[in-house]
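Visitor:
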Amino acid sequence: MTRKKSDDTPLRPTGDMLTAHLLALLKGWSAYGYELTQRLEESGFGDFNKGSVYRALRQMERSGLVASMWDTSEQGPARRMYRLTQLGTAFLGNWLAVLDAHRQVLDSMLKTTGAETEEAAPAAKHPASRRSKSP
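As structure tokens, then:
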């Protein structure tokens, strides 16, 4: 089943890691776009276009995942502050469940291949070595 562009089902994770990371950064507090780009950099998110953060935030607001308001409390220009909505919190919960399931699969795969440690698991423990031999 393919997802149409017009399908606005916001509770189905789409694979957009930037959106998921932004939602996680907004959990429990409000922030403005520049703060979020700084926190993404600090968290080691990787190489990203800062403009894509603002585009993602606008899309997330259109989807109802975040809400924004203008903060004029400090000197200088007004800044748009973003916060999670109930829908955004639910979406983040779904994302975390999906990521946890993927992590469990990856952990299992790493254990099977022995890649989780410096030494590979002995061949006798590998499922292929337990095949029954024909008499």
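Count the sequence shown with the working numbering and you get residues 1 to 135, in order.
The C-beta atom is built at its ideal place from N, Cα and C for all residues, glycine as well.
My understanding is that Ser-52 touches Glu-61, with C-beta atoms under 8 Å, so please give their C-beta distance in whole angstroms.
Guide: Not confirmed; about 15 Å, so no contact.
Visitor: Could you tell me the alpha carbon to alpha carbon distance between Trp-29 and Ala-20, rounded to whole angstroms?
Guide: Taking the straight line joining both Cα atoms gives about 15 Å.
Visitor: Is the beta carbon of Leu-143 sitting closer than 8 Å to the one on Leu-87?
Guide: Limits of the chain in this structure are 1 at one end and 135 at the other, which puts residue 143 out of reach.
Visitor: Among the candidates Lys-27, Leu-40, Tyr-34, whose CA atom is the shortest distance from the CA of Leu-18?
Guide: If we check each option's Cα against that of Leu-18, Leu-40 comes out closest.
Visitor: Taking all protein chains shown into account, do 16 or more other C-beta atoms lie within 10 angstroms of the C-beta of Tyr-34, making it buried, or fewer, making it exposed?
Guide: With fewer than 16 other Cβ atoms within 10 Å, it is exposed.
Visitor: So for Leu-84, helix, strand or coil by DSSP?
Guide: Strand, per DSSP.
Visitor: If we ignore side chains and look at the alpha-carbon of each, how far apart do Lys-50 and Thr-37 end up?
Guide: Rounded to whole angstroms, Lys-50 to Thr-37 spans 6 Å at the Cα level.
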